[in-house]
Each structure stands twice: as structure tokens, then as C-alpha cells.
Amino acid sequence: MTTLATDSRDGQSLAPKLLGVIGVVYGDIGTSPLYTIRECFTHPGAPGVSEGAVLGVLSLIFWATTLIITVKYVSFVMRADNRGEGGVLALTALAFRARRGKRWGHFIVLLGIIGAALFYGDGVITPAISVLSAVEGLKIATPVFDPYIIPLTLVILTLIFMVQAHGTAKVGSAFGPIMCVWFLTIGLLGAAQVVNRPDVLAAIWPNHAVELFYTSPWAAVVVLGSVVLAVTGGEALYADMGHFGRGPIRIAWVSFVWPALLLNYFGQGALLIENPAAIESPFYLLTPSWGLYPMVILATMATVIASQAVISGAFSVSQQAAQLGYMPRLEVRHTSAEEKGQIYISRINWSLYAAVVILVVGFGSSSALAGAYGIAVTGTMAVTSVLAYLVARHRWGWSRWTALPLFATFLFIDLAFFGANTIKILHGGWFPLVLAVALTTLMWVWRKGREILYRRRYRDAIPLATFVDGKMYKRAHRVPGTGIFMTGNVGVVPFALLHNLKHNKIIHERVVLLKVETTDEPRVDDEQRIEIKDLGDGFYTVIVRYGFQQQPDIPRALAACSSKGLGFNMADTSFFMSREYFVPSPRPELPPWQEWLFILMSNNALSATEFFRIPANRAVELGSHLEI
């Protein structure tokens with residue numbers, strides 16, 4: 001009782017955390033019963049509805065949730081926390097730190113980019129299929145609603161994306177209770193049907209799944225491609241670990257969410273054994289006729305919550321990607337003064353919205369969309385297995401013979417599901433693949449282009465020590481005030497400083513070379529953020545460090561410098577930075593199409609002034625043309 005009442009680490013009550021976990025973490029996987037069982041029997045090539053097939057499907061669902069969610073994610077992967085944070089990019093940073101080296105570094109970065117790109121595929125499909133499947137329940141009540149399913153779905157989705165700019169803190173407070181009602185309701189509806197057919201519980205034994213593969217191997221592969229719908233949201237457990245901690249997530253899954261889901265799945269199976277015609281919509285036909293409309297409303301609310309969690313996750317991944325150098329700078333807006341994780345990125349929000357609308361209109365039904373689901377999810381799971389193995393081997397110190405069999409088993413399961421989903425490529429599976437390839441290409445080109453640019457920019461630069469010790473600025477007029485020059489390398493003289501010296505023949509009484517550094521940890525503590533070095537004659541270097549989940553704020557960082565003996569008066573401080581304009585190089589290191597793509601992304605990136613929150617009236621941007 002004490003364990004459930006309080007969190008032994010901080011003494012705080014677990015109840016609010018458990019409520020938050022149920023409301024935020026489990027929205028995606030919690031709405032899977034809406035369509036999973038139906039898709040296992042209605043996809044082209046699936047087996048007919050028979051008692052043996054139903055037991056085989058239920059057995060696969062039981063063992064998929066057991067091995068992938070309970071064993072892989074809850075028991076093992078969640079141990080790979082990056083200072084408490086989870087998710088594919090946090091895991092990438094952890095693996096990169098554990099297994100350094102040029103060859104391994106490129107491999108790990110590429111895996112992380114692919115995992116992030118696949119996550120966006122999930123972020124596009126989840127709102128579309130979840131809301132659409134919930135609204136389709138109206139057709140079960142009466143065919144009159146059939147023409148209004150798509151318009152109503154689009155209205156709900158539009159409202160979801162419109163509300164993002166205002167933040168979701170207030171709405172989020174209601175997520176937990178609503179999802180608790182959802183899980184209790186679907187669990188009770190399933191349990192009522194299981195009581196009528198308790199023999200359906202025999203599906204727990206894996207021999208029923210084995211028998212399905214033995215008697216109908218191709219149909220079993222088709223089923224496997226739909227069973228993966230039952231484990232979508234597994235990455236959410238890991239990604240949201242930093243918000244709630246692994247303890248509450250584990251407790252909520254084992255004691256409440258997992259039992260409710262299994263009861264509903266087994267209840268749908270029992271219903272199908274009794275009435276195979278119920279395959280039209282086994283989830284909604286579990287509900288008594290008098291409760292159908294309230295159930296549609298509850299399901300719609302649950303899918304809105306699931307969509308919200310995925311959209312918020314896309315914002316978080318985008319912020320991390322930009323900070324780690326996988327994406328151009330983005331405008332990030334914080335929507336809550338209390339919750340640092342509540343952010344809004346306009347470009348990502350409306351890009352997701354456009355993609356979701358295209359999916360809903362283009363596919364037209366949740367069954368058609370189910371064909372597009374699965375590949376992105378299983379691809380991300382496979383990436384997680386590989387990265388987690390590297391962390392286990394090189395950070396936890398596991399022996400190869402301990403780590404390899406375990407994570408190879410996880411990877412085998414992931415690839416089996418991924419392979420089963422490849423048969424859906426022509427039925428919609430091409431969409432997340434095309435999206436993932438496009439995003440992977442963009443992120444890889446951006447990172448590669450920035451590396452090339454860094455080398456070219458500083459290849460012939462003057463060492464800062466030579467510049468200061470040799471007094472190469474002695475003929476310049478020293479003017480009052482502080483000049484801060486933003487740079488990516490404090491060891492050399494920035495272009496903006498040389499440009500200002502050459503054309504204006506002046507140099508400030510105090511010159512500060514300021515570098516903003518993003519670490520491979522999610523957060524950097526305030527006492528470790530600032531590093532100051534006095535070079536003499538009024539020259540200083542300042543390094544400001546942020547974690548990949550933190551947003552740079554230069555004025556605030558400079559205010560903190562006063563405690564280290566370097567105070568700033570913003571009224572007599574000017575910021576100098578280069579405004580880069582890229583032109584094609586006669587000796588390009590990138591193929592022409594990548595060169596063009598990099599220039600396009602660079603021209604649309606957020607300016608350094610806005611990104612670092614530098615007051616516009618104190619900033620001076622000096623243009624420079626650079627070859628890429």
C-alpha cells in the first residue's frame with residue numbers, strides 16, 4: 001500500500017503521476033482496440049472468422065503486448081534513460097556517447113535520424129486513423145451518418161491542430177480522468193463478453209498462434225501485419241519517461257492499462273466466436289445499443305487525447321532535432337510558464353495538419369488507413385532495439401553474450417512485424433516509407449552540409465591567441481561598450497569581428513566571443529552552463545551550454561555571467577553575427593541536388609537573432625557569401 005501511495009524517491013503522492021501517465025502516455029495504444037481486431041480479419045488475404053483463427057489472433061495480440069511492451073520497453077529499454085529522458089533521439093545521444101568513433105558515430109547518427117523520421121510517420125497517421133475510427137462508430141448506429149463521417153472527422157482534426165497554439169495545459173488536466181473512464185469502460189465491456197465465453201482465455205497459450213502459422217502461413221503473416229496495431233504507442237512509454245518517471249509508467253501499465261486492453265481484445269474475440277458477422281465493427285458491437293452514442297463520444301474524446309500526445313511528441317522531437325543539428329533552427333514557443341515541456345512549433349503543427357488532411361481525404365476510411373500503419377512504428381522499434389543494444393554493451397557494461405541474445409530477440413520480433421507490414425506497401429504502406437525517406441534525406445543533408453560548412457569556415461581562420469597576443473587590432477580605435485561576437489569556434493577570430501574591423505576600423509573596449517554549445521544530454525544545470533576565459537586586453541571567450549531539450553536564451557545566460565565576474569549592461573552591449581548567404585561551390589562536396597536542398601533549407605531557417613532570443617535593437621548582422 002505504501003508503494004502505491006507515495007513515490008519512494010521524492011515522497012510525493014503517486015496518484016497524480018499515475019493519472020497523468022494514463023492520460024498522456026497511453027492514449028495511442030489505448031485506442032488501438034477500435035480497429036485492431038477488425039483489421040486482423042478484413043485485410044486482403046486475412047483468414048476467415050473461425051474459432052481457431054480468433055484464438056490464434058488473440059494469442060498473437062497477447063504475446064505481442066507481453067514481449068514488446070511489457071518485456072522490451074517496460075522492463076529493459078526504459079532503463080536506457082538519458083538523465084531521466086527517453087525517446088529515440090535521447091537514446092541516439094546516449095548511444096553516441098557510449099560508442100564514439102567516426103565510423104560508429106555516423107552509423108548511430110543515421111539510425112537516430114531514421115528513427116526520428118519514422119516517428120513523424122506515426123505522428124501523421126495516428127490522429128487520422130484514431131479520430132476517423134472513432135467517428136465511424138456513428139455508421140453502426142444508423143447509415144444516415146455515412147456521408148458526414150469524413151467532414152466531421154476533418155472538423156475535429158482542425159480543432160485539434162488549432163488549439164495547439166494556445167497550449168494544452170488546461171485541457172491536459174482532464175486527460176487523466178477521461179482516459180481512466182475509457183479504460184474502465186472498454187475493460188468492463190470486454191469482461192462482460194468473456195464471462196459468456198470464458199474458453200476464449202485459452203488464447204493465452206502460444207500454441208494457438210503457432211497453429212495459425214502452421215495451418216494458414218500466409219494468412220498468419222497478413223494477421224501479423226495487423227496485430228502490430230495493438231502495440232502502437234510503445235515508443236510513447238519510452239519518450240514520455242522524462243515527464244513522469246519509469247515507476248509510474250510501469251505501475252499504470254501492469255496494474256491498469258494492460259489488463260483493460262486485454263479484456264477488451266478477448267471480449268471482441270468472444271463476440272466474434274459467437275457472431276462472426278460482428279467483424280464489421282467488433283469494438284462498437286460490444287456496446288449495448290442504448291450506449292452506442294455515448295461510446296462514440298467517449299471514443300472520440302480518447303482519440304483526441306491520443307492525437308494530442310502524438311502531436312506534442314512531434315514538437316518535442318523537432319526541438320531536439322534542431323538542437324542536435326539534424327534540422328534548421330525552428331521558432332519554438334513555450335505555451336506554459338509552469339511546464340517547460342509544453343511547446344508549440346507552428347511550422348511542424350501545420351505541416352502535420354496538411355499531411356493528416358491529405359490522409360483522411362485520400363484514404364477515406366480507417367480500414368484503408370490501417371494499410372499505411374505499422375511500417376513506421378515497427379521501423380522505429382527496430383532502431384530502438386539496435387541503439388539499446390549499443391547502450392547495454394558500451395554504457396551498462398553488459399557482456400556480448402548477455403546483451404546480444406536478448407536484443408537480437410527483440411530485433412527479430414521487430415523485423416518480423418516490419419516484414420509482415422511490407423505486404424501492405426501497395427495498400428498504403430508506401431506513404432510512411434516515402435515520408436520517412438524524405439525526412440531522413442532532409443536531416444542527413446542538413447547535418448552533412450553543416451559539417452562541410454564548419455570545416456570551410458574555419459579552415460583558414462586566424463587563431464584567436466595569435467590575434468590577441470600579436471595585437472593585430474592595435475591600429476583600430478577602441479570604442480566604449482561591449483561587442484559580443486557569436487561564433488561556432490572560440491579558438492579562431494570570427495568573420496564578423498574581422499569584417500567590422502576592416503570596414504569600420506573600430507574595436508570595442510571589451511570583446512566577447514560567445515559560443516552556444518548543445519550537449520548530448522537533455523538538460524544542463526545552471527551551475528554548469530557558463531564557462532568564461534579571460535584572454536587579457538579586454539578579450540573574453542564565453543561558452544554557454546544547453547541540453548538538447550532546452551531552448552537557448554542568451555540575455556538570461558549573460559545575466560548569469562555576473563556571478564562569475566563578468567557583468568553585462570545590455571544598454572551598451574552590441575551583438576555581432578554573420579548572416580550567411582550560400583552560393584554553389586565550383587568544387588562542391590555535396591551532389592548538386594543536395595547542395596540546392598541545403599541552400600533552400602538554410603534560407604528558410606530561423607535567424608540566429610530570433611533563435612537565441614537576442615534583442616533585435618542590439619543585434620548587428622553582417623552578410624557573408626559562403627560556398628557550400
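For the sequence shown, position 94 (counting from the first letter as 1) is numbered 94 according to full-length UniProt numbering, and the numbering increases by one without interruption. Glycine residues also receive a C-beta, built at the ideal position from the N, C-alpha and C atoms. Only a predicted model underlies this, so the values are computations on that prediction, with no experimental measurement involved.
Residue 505 is classed as exposed because its beta carbon has fewer than 16 other beta carbons within 10 Å across all chains shown. Taking 7 Å as the cut-off, the Cβ atoms of residue 130 and residue 403 do not count as close. By DSSP's assignment, residue 463 forms a beta bridge with 492. By the criterion of at least three beta-carbon pairs nearer than 8 Å, the region 251–267 is in contact with the region 194–205. In the structure shown, residue 533 adopts extended strand secondary structure according to DSSP, grouped into three states. The criterion of a C-beta distance shorter than 7 Å is not satisfied by residue 530 and residue 493. Of the candidates 420, 334 and 280, the residue whose Cα lies closest to the Cα of residue 133 is 280. Considering only 59, 44 and 45, the residue with the shortest C-alpha distance to residue 51 is 59.
By the C-beta density criterion, residue 460 is exposed, having fewer than 16 other C-beta atoms within 10 angstroms. Straight across, the Cα-Cα distance linking residue 149 with residue 138 is about 8 Å. Looking at 248, 147 and 200, the one whose alpha-carbon comes closest to that of residue 74 is 248. When DSSP reads this structure, residue 540 sits in a beta bridge with 512 and 534.
In this structure the region 108–118 does not lie against the region 140–154, because fewer than three pairs of beta carbons, one per stretch, are closer than 8 Å. Rounded to whole angstroms, the gap between the alpha carbons of residue 308 and residue 160 is 7 Å. In the displayed model, residue 454 falls within a helix according to three-state DSSP.
When the five nearest sequence neighbours on each side are left out, the beta carbons in the same chain lying within less than 7 Å of the beta carbon of residue 413 are those of 67 and 68, in order along the chain. Nearest in C-alpha terms to residue 517, of all of 535, 498, 537 and 542, is 542. Close CB contacts of residue 329 within its chain, under the 7 Å cut and outside five residues either way in sequence, are with 322, 605, 606 and 611 (chain order).
Shown here, residue 43 sits in coil according to DSSP, grouped into three states, outside any helix or strand. When secondary structure is reduced to three states using DSSP, residue 473 falls in the coil class, being assigned neither helix nor strand. Looking at the backbone, the Cα of residue 315 and that of residue 349 are separated by about 8 Å. About 5 Å separates the CB atoms of residue 520 and residue 97; that is less than 8 Å, so the two are in contact. In the structure shown, the three-state DSSP call for residue 622 is strand. In the structure shown, residue 162 adopts helical secondary structure according to DSSP, grouped into three states. Around residue 83, the same chain offers 521, 522 and 523 as residues with beta carbons nearer than 7 Å, after the five sequence neighbours per side are excluded. Residue 280 carries a helical assignment under DSSP once its states are collapsed to helix, strand and coil. Residue range 375–394 is occupied by the alpha helix (DSSP H) that includes residue 394. Residue 344 is bridged by DSSP to 333.
For residue 264, the enclosing alpha helix (DSSP H) stretches over residues 258–274. Below 8 Å, too few C-beta pairs join the region 390–397 and the region 350–364 to call them touching: fewer than three. By the neighbour-count criterion, in which 16 or more other beta carbons inside 10 Å mark a residue as buried, residue 146 falls on the exposed side. Beta-carbon to beta-carbon, residue 310 and residue 122 are separated by about 7 Å, close enough to satisfy the 8 Å threshold.
Each residue's CA atom was taken as its position, placing residue 490 and residue 108 some 27 Å apart.
For the pair of segments examined, the region 296–303 was found not to touch the region 222–236: the number of CB pairs separated by less than 8 Å stays below three. At the C-beta level, residue 443 and residue 344 stay beyond 7 Å of one another. Residue 574 and residue 618 do touch by the CB rule: their CB atoms are close to 6 Å apart, below 8 Å.
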